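S.K.: Per this note's numbering, the very first residue in the sequence shown carries number 245; after that it's consecutive.
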Amino acid sequence: MKKFIIKYYVQLIIIAFLCCAVVFVIYESNHVFSMIKDKSVELKKTQLDQVIAAEFLQNVHTFKGDASYIDEHITILNVLLPNSDDEKVRLFSELERLANDTGNDSVALSVKVAEKANAKTTTKQKQKEKKEKEKMLSMNITLVGSYNNLLQFVHKIENMQYFTNIVSFNITKTKNKEKVRGEEDSEVRKNLLKTDMVVNFYLNESG
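(1) Grouping DSSP H, G and I as helix and E and B as strand, with all else coil, what is Asn392?
(2) Pull up the distance between the alpha-carbon of Asn435 and that of Ser337, whole angstroms please.
(3) Any idea what DSSP makes of Asp440, helix, strand or coil?
(4) Using the beta-carbon count (16 or more within 10 Å), is Ile385 buried or exposed?
(5) Round the Cβ separation of Leu353 and Phe397 to the nearest angstrom and send it over; I've been treating them as touching at under 8 Å.
(6) What residue does the beta strand (DSSP E) around Lys417 start on, and which one ends it?
(7) Quick one: give me the first and last residue of the beta strand (DSSP E) that Ser350 is part of.
(8) Answer yes or no: do Ile415 and Leu395 have a C-beta to C-beta separation smaller than 8 Å?
(9) Within the same chain, show all residues whose beta-carbon is closer than 6 Å to that of Val330, passing over the 5 residues directly before and after it, in chain order.
(10) Please report the distance separating the alpha-carbon of Lys372 from that of Tyr446.
(11) Where Glu428 and Phe413 are concerned, what is the direct C-alpha to C-alpha distance, given to the nearest angstrom?
(12) Are Asn409 and Asn444 close, meaning C-beta to C-beta below 8 Å?
(13) So Val333 and Glu340 are in contact, right, with Cβ under 8 Å, and what is the actual spacing, rounded?
(14) Cutting at 8 Å between CB atoms, please list the residues of its own chain near Thr418, excluding the five before and the five after it.
(15) Taking Lys379 as part of the alpha helix (DSSP H), name the residues at either end of that continuous run.
(16) Lys377 to Val411, Cα distance in whole Å?
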């Protein structure tokens, strides 16, 4: 072995040197490639930032237009009924006043009780339905009056400040002859209508 090393000493030195050189080249290459990769990533980020900035500048006028639109239509936020007991009491009084102003003889108001969910309804569906119901005040309204009185009341409801939705309607003739406030025609008094309706008033969740 000793004779082998002495005989091939120069060759072994060269091989060892070449191995070291190869390891050094590989290390430096990886370092250079890593630097190139980092530079490439930084360049791409810079290019992306420039694209975003250019798009923003192009759409500035659109953003300004949207802001102007929101400012012009900010009153839309006032069509939701504030979710407070005081506002609900005020709504009851307002509905009674509208019924009287439109000539209806009587009006009965009550908050509609939510129906129990079907046993087959999934938990996710129940949660969704509950969330939807929490966003509105559903009311039963019963009126007694003539057909014209009813139409006037419905028109008033649809044109209230708050956003409403009449979801059901049922009209029946009354059995007794009742007098409608402000009406003198006996035929009208004989043909009074009882109207049961369900009206949803959408609530402002922020209160």
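Each residue gets a CB set at the ideal place from its N, CA and C atoms; glycine is no exception.
All values derive from a computational prediction rather than experimental measurement.
M.R.: With the given structure in hand:
(1) helix
(2) Distance between Asn435 and Ser337, taken at the CA atoms: about 27 Å.
(3) strand
(4) buried
(5) Between Phe397 and Leu353 the Cβ distance is about 12 Å, and since that is not below 8 Å, they are no contact.
(6) Start and end: 408-417.
(7) Its beta strand (DSSP E) spans residues 350-355.
(8) no
(9) Looking at the sequence itself, residue 330 is Asp, so the reference to Val does not match. Its chain contains no residue whose beta carbon lies nearer than 6 Å to that of Asp330 once the 5 sequence neighbours on both sides are disregarded.
(10) Because Lys372 carries a pLDDT of 48, less than 50, the predicted location of this residue cannot be relied on, and the following value inherits that uncertainty. Taking C-alpha positions only, Lys372 is separated from Tyr446 by approximately 16 Å.
(11) Legend: pLDDT at Glu428 = 49, less than 50; position of this residue unreliable, value from coordinates given subsequently. The straight-line gap from Cα to Cα measures roughly 27 Å.
(12) yes
(13) Val333 to Glu340, Cβ: 11 Å. No contact.
(14) For Thr418, where only same-chain residues beyond five positions count, the Cβ hits under 8 Å are Val388, Leu436, Leu437, Lys438.
(15) Per DSSP, Lys379 belongs to no alpha helix (DSSP H) and is neither H nor E.
(16) For Lys377, the predicted model reports a pLDDT of 46, less than 50, meaning its position is unreliable; a value from the coordinates is still stated below. Whole-angstrom Cα-Cα distance: 13 Å.
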